[in-house]
Amino acid sequence: MSNLTKLEINALDITGNNYMTWAVGARMHLRGSGLLETIDNTKTVSDEKKAKAMIFLRHHIHDGLKDEYITKEDPGDLWQSLKERFDHQKYVILPKAKHEWIHLRFQDYKSVSEFNSAMFGITSRMMLCGEKISDYDMIEKTLSTFHPENVVLQQQYRVNGFKRYSELMQILLVAEQNNQLVLLNHQARPTGSAPFPEVNVASSSYDNWRGRGRGRGRGRNHGRGRGRGRRFRPYDERTKRTPKRMKGAGMIKGKQKRFATDVA
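Just so we're aligned: 614 in this note's numbering is position 83 of the sequence shown, and the numbers increase by one with no gaps anywhere.
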């Protein structure tokens, strides 16, 4: 009983709006089950196969359609009756799909995946109605509807000479992901938000040089007055002589040396 209640495909609506997709799904299931020849009245099929195909078809149509076609016992007759009733849907679907195809533009979508989904939705309906859409048509539709600001990218993609629409989509999806990554990195730290390391090093070195020899209090290199921060010179290079304040220190050192010699 569980197999009888389980739907393999969506049931055909009583309005027939989903007939095109229902017919494709029903054909695929019948082919997979080895029952496709049962809907072809020109072929001879066993009664067992006809019964299995009939159970499948009736189980996947609206209850109202079951009542309307209750007298149909052959799957080929039921299939042909449904086709004659609802096959005109392609004349309703095709003009709308063509209108959407004409106005389909890559620049109108926020992402590549959204455009790709719309592309396949439109082309699938057109092909169901018998229209042929090639990879060249899909590639040309994509590249010719780029935004005018992306003319250079458009020319670059044309130079690559893509033969399959899927190859172009792969390149566009990768480029979109890379652009998003660059944008996230920029938002995390916008331009100019972090100072240059070279500026920090130069500023630190300059501050350290200014701080040498400065300060208050007693001790070496902390004196106040003139000459603050200058290099200590025991010998004045400009006058070629020792400063006066250093002569006394030299005499004291000399005395210490003589005293040391005497003791030795």
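From the three backbone atoms N, C-alpha and C, an ideal C-beta is built for every residue, glycine too.
N-terminal and C-terminal residue of the alpha helix (DSSP H) that residue i is part of
i             : result
arginine 558  : 550-563
glutamate 662 : From DSSP, glutamate 662 is part of no alpha helix (DSSP H); its letter is neither H nor E.
aspartate 578 : 578-590
proline 606   : 606-617
alanine 542   : Where alanine 542 is concerned, there is no enclosing alpha helix (DSSP H), given that its DSSP letter is neither H nor E.
glutamine 638 : Segment: none, glutamine 638 is in no alpha helix (DSSP H) and carries neither H nor E.
glutamate 631 : 620-633
Residue of the options minimising C-alpha distance to residue i
i              : options                        : result
methionine 628 : Lys663, Leu613, Asn709         : Looking at the sequence provided, one finds alanine at residue 628 rather than methionine. Measuring from the Cα of alanine 628, the nearest candidate turns out to be Lys663.
lysine 583     : Leu684, Gly563, Gln638, Gln708 : Gly563
isoleucine 592 : Ile545, Glu631, Tyr622         : Ile545
asparagine 691 : Leu674, Glu680, Asn709         : Leu674
glutamine 701  : Asn716, Gln711, Gln686, Ser644 : Ser644
serine 665     : Val683, Gln685, Gln687, Ser697 : Ser697
proline 626    : Asp605, Gly661, Asp639, Lys614 : Gly661
arginine 589   : Glu579, Asn709, Glu604         : Glu604
leucine 699    : Val683, Tyr667, Asn709, Leu715 : Tyr667
Contact under 8 Å by Cβ, residue i with residue j
i                 : j                 : result
isoleucine 670    : phenylalanine 646 : no
leucine 659       : methionine 551    : yes
leucine 635       : lysine 672        : yes
glutamine 620     : glycine 547       : yes
serine 642        : glutamate 707     : yes
threonine 573     : lysine 581        : no
isoleucine 653    : glutamate 631     : yes
phenylalanine 637 : phenylalanine 677 : yes
isoleucine 633    : arginine 656      : no
Exposed unless 16 or more other CB atoms sit within 10 angstroms - verdict on residue i
i                 : result
lysine 537        : exposed
leucine 543       : buried
arginine 695      : exposed
asparagine 541    : exposed
arginine 689      : exposed
threonine 602     : exposed
threonine 575     : exposed
phenylalanine 617 : buried
alanine 719       : exposed
glycine 748       : In this prediction, glycine 748 has a pLDDT of 49, which is less than 50 and means its spatial position is unreliable; what the coordinates show is noted afterwards. So glycine 748 counts as exposed.
glycine 596       : Contrary to the premise, residue 596 reads as leucine rather than glycine in this sequence. Result: buried.
valine 732        : Note that valine 732 scores a pLDDT of 49, beneath 50, so its modelled location is shaky and nothing firm can be said.
The stretch 602-609 contacting the stretch 576-593, beta-carbon criterion three pairs below 8 Å: yes
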